[in-house]
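Sequences listed follow chains A and B, in order. So in our numbering, spot 83 of the first sequence is number 83, and the numbers just go up one at a time. So in our numbering, spot 82 of the second sequence is number 1082, and the numbers just go up one at a time. Even for Gly, the Cβ is constructed at its ideal location relative to N, Cα and C. This structure is a prediction, so every number in the text was calculated from the model and none was measured. One structure is given below, encoded as structure tokens.
2 protein chains.
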Amino acid sequence: MSSIIDKKMNAKTRSFEKTRQTLNVTGLRVTNQRALIMDIIRQGDEHLDADEVYRRARAKQPRLSLSTVYRTLQALKKVGLVEEVHIDETRHYYEIKPPTEHHHLVCLECGRVVEFQYPLARLIKRKVIEAKDFEITGSEIRMTGYCPSCRQKRK
Amino acid sequence: MSSIIDKKMNAKTRSFEKTRQTLNVTGLRVTNQRALIMDIIRQGDEHLDADEVYRRARAKQPRLSLSTVYRTLQALKKVGLVEEVHIDETRHYYEIKPPTEHHHLVCLECGRVVEFQYPLARLIKRKVIEAKDFEITGSEIRMTGYCPSCRQKRK
DNA sequence: TACTAGATGCAAATGAGTAGCATTATTGAT
DNA sequence: ATCAATAATGCTACTCATTTGCATCTAGTA
Ligand SMILES: [Mn+2]
Ligand SMILES: [Mn+2]
Ligand SMILES: [Zn+2]
Ligand SMILES: [Zn+2]
Chain A
1 MSSIIDKKMN AKTRSFEKTR QTLNVTGLRV TNQRALIMDI IRQGDEHLDA DEVYRRARAK
61 QPRLSLSTVY RTLQALKKVG LVEEVHIDET RHYYEIKPPT EHHHLVCLEC GRVVEFQYPL
121 ARLIKRKVIE AKDFEITGSE IRMTGYCPSC RQKRK
Chain B
1001 MSSIIDKKMN AKTRSFEKTR QTLNVTGLRV TNQRALIMDI IRQGDEHLDA DEVYRRARAK
1061 QPRLSLSTVY RTLQALKKVG LVEEVHIDET RHYYEIKPPT EHHHLVCLEC GRVVEFQYPL
1121 ARLIKRKVIE AKDFEITGSE IRMTGYCPSC RQKRK
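See below:
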């Protein structure tokens, strides 16, 4: 049998199985649709919205419903495996909960989203508790501007 | 005639006229509905959403339509008189463009929004251009946590 | 005062996300 | 392996903030 196909299948299967393991410890039931959705987010390079997840998932499981995608995204968010990002105002995007703090830069010209790895949460948390006696548990920074390649074109 | 009523009327009229002046220099046509909406946002202490603006405006101009509120908010945003804040995911809120940078703290318990006056934009802008060659033109920080009074209750 | 582009009001449309409910699948116990 | 309990799924219908089309109106200008 073709070793190329075997390798592809195995890579996919491995990833999927790893995802099932991850899900298993959350208390959530491990369903095929959840494993698939989680896997798609894990493998997806970009930030995906519900509809994009849906489109990609249907390629594998045509009977999967959009409701399930929405419910799964909520569930994964709740158990802390996935994070919701508010890059634009019209819809929510999702990414695997990252190990280190990062924030998002959105290019106003081309829409590209760039990640900015920098720890601001600590600083902010401290400043806020000093000034306002307000205890911060989460913060999100969204920055807009122009990416390197669009800056060139504008000049 | 009652001087109290006169003073009230005059205060309102003065505010409204000042708003008309402000609008006049923007290139936008100065309509009663725009002046009223702008005035409501200016006088409103809190952050107002479209529907709240609509409710308050109808008290003065019952024929005003919700569409006009939405269109006006967009117009005021575009000319830089008003700023859109993304405090929650379900709707947009509006405030007069503040002269100094501030960000918003949202209490997860009671929903109260507290403003945090602190200049982070400069720092962020610099760090980002260094690290990513990305030119930042706007940034918004949304922080969630617990306000002083809700922190008490939780203990 | 008359002209005209821009603004308004109303009604209908859009679109992301949610909810109800009958059916199905996972899990943990026998 | 079988079963019961109950969580999850797939539909469909719904909600609700925001947008759009279009006929009518009005602010700004000559
Ligand atoms: Mn990211
Ligand atoms: Mn504010
Ligand atoms: Zn760009
Ligand atoms: Zn509170």
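Contacts that residue i makes with chain A (C-beta to C-beta distance below 9 Å)
| i | result |
| --- | --- |
| T1144/B | I136, T137, G138, S139, E140 |
| R1151/B | D133, F134, E135 |
Beta-carbon neighbours of residue i, restricted to chain A and to distances below 8 Å
| i | result |
| --- | --- |
| A1050/B | What A1050/B touches in chain A: nothing, since even the nearest Cβ is about 13 Å away. |
| L1076/B | Neighbours of L1076/B on chain A: none; closest Cβ ~17 Å, over 8 Å. |
| L1105/B | V128, K132, F134, I136 |
Beta-carbon separation (whole angstroms), residue i vs residue j, contact threshold 8 Å
| i | j | result |
| --- | --- | --- |
| H92/A | E84/A | 5 Å |
| V1030/B | I1040/B | About 16 Å; that fails the 8 Å criterion. |
| L1105/B | V1113/B | 7 Å |
| V128/A | M1143/B | 7 Å |
| L1064/B | Q1033/B | 5 Å |
| H1103/B | E89/A | 17 Å between Cβ atoms; not a contact. |
| L1048/B | Y1094/B | 6 Å |
| I141/A | S1139/B | 6 Å |
| Y1146/B | E130/A | With a Cβ gap of about 16 Å, Y1146/B and E130/A do not count as contacting. |
| E101/A | C150/A | Actually they do not touch by this definition, with Cβ atoms about 26 Å apart. |
| L36/A | V79/A | Incorrect: roughly 17 Å between the Cβ atoms, too far for contact. |
| I1124/B | R1042/B | That pair is no contact at about 29 Å. |
Chain A within 8 Å of residue i, Cβ atoms only
| i | result |
| --- | --- |
| V1082/B | no |
| F1016/B | no |
| I1124/B | yes |
| E1089/B | yes |
| L1028/B | no |
| K1155/B | no |
| A1011/B | no |
Below-8 Å beta-carbon distance, residue i vs any chain B residue
| i | result |
| --- | --- |
| P148/A | yes |
| V113/A | no |
| L73/A | no |
| H86/A | yes |
| M1/A | In this prediction, M1/A scores a pLDDT of 47, lower than 50, which makes its location untrustworthy; the coordinate-derived value is nonetheless stated afterwards. Taking Cβ atoms only, chain B never reaches closer than 8 Å to M1/A, which makes this a no. |
Under 7 Å by beta carbon: chain A residues contacting residue i
| i | result |
| --- | --- |
| K1127/B | Y118 |
Closer than 8 Å is the cut-off here; do at least three beta carbon pairs connect the stretch 1013-1031 of chain B with the stretch 1054-1061 of chain B?
The answer is no - the stretch 1054-1061 of chain B does not touch the stretch 1013-1031 of chain B, with fewer than three Cβ pairs under 8 Å.
Kindly confirm or deny that the stretch 67-78 of chain A and the stretch 9-18 of chain A touch, where touching means at least three C-beta pairs closer than 8 Å. In this structure the stretch 67-78 of chain A does not touch the stretch 9-18 of chain A; the number of beta carbon pairs closer than 8 Å is below three.
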